[in-house]
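> Following my numbering, the numbering of the sequence shown begins with 306 at its first residue and continues without gaps. Virtual Cβ for every residue (Gly too), placed ideally from N, Cα, C.
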Amino acid sequence: MIHITRKEHFNAAHKMYRDEWSAEKNAEVFGKCANPNWHGHNYNLFVTVKGQVTHATGYLIDLKELKVIINDYVIEKLDHKNINLDVDFMKGKMASTELLCIEIFNQLKGPIEAYPGVFLHSVRLHETENNSAEYFGD
Numbered sequence: 306m307i308h309i310t311r312k313e314h315f316n317a318a319h320k321m322y323r324d325e326w327s328a329e330k331n332a333e334v335f336g337k338c339a340n341p342n343w344h345g346h347n348y349n350l351f352v353t354v355k356g357q358v359t360h361a362t363g364y365l366i367d368l369k370e371l372k373v374i375i376n377d378y379v380i381e382k383l384d385h386k387n388i389n390l391d392v393d394f395m396k397g398k399m400a401s402t403e404l405l406c407i408e409i410f411n412q413l414k415g416p417i418e419a420y421p422g423v424f425l426h427s428v429r430l431h432e433t434e435n436n437s438a439e440y441f442g443d
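(1) In this structure, does DSSP put Ala317 in helix, strand or coil?
(2) On a Cα-Cα basis, can you pick out the residue from Val352, Ala361, Lys382 and Tyr378 that is closest to Leu368?
(3) So for Thr402, helix, strand or coil by DSSP?
(4) Quick one: measure Cβ to Cβ for Ala400 and Ile409, integer angstroms, because I've assumed they're closer than 8 Å.
(5) Pull up the distance between the alpha-carbon of Lys312 and that of Leu350, whole angstroms please.
(6) Measure the alpha-carbon distance for Gly356 versus Met395 and round it to whole angstroms.
(7) Tell me whether Glu439 sits in a helix, a strand or coil according to DSSP, three-state version.
(8) By the 10 Å Cβ neighbour count, where 16 or more other Cβ atoms means buried, how is Asn316 classified, buried or exposed?
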């Protein structure tokens, strides 16, 4: 079993808030992340796939193809977008790094696993240099 990881990058804005809470409670719970004028991050995304190396090619999956999948299903939908307003797979969900990481995994699982013998192992999302979330599926 081999694990390979592809790193991608995107910039996006979001706001952490609950409509049913007051501005004061949102500020208390979410701090600066509840800024009414939004805020943004330079995210780093790490997608790890696993499986057996195909001896005819010497690799698990063509990394150019993995890049296209990540770009089509995730980066194009997120880069320079507002996560709360513009991203279809985040509609109705809190725009936390944790939930974004889970939803990115869900977006990628099907297209990646359409390749025989290739499995999505994990998605790791760095919101900042110091903060990240990682999801391995259910």
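The relevant details are as follows:
(1) strand
(2) Val352
(3) In the structure shown, Thr402 adopts helical secondary structure according to DSSP, grouped into three states.
(4) With a contact defined as Cβ atoms closer than 8 Å, Ala400 and Ile409 miss out at about 12 Å.
(5) 6 Å
(6) 29 Å
(7) strand
(8) exposed
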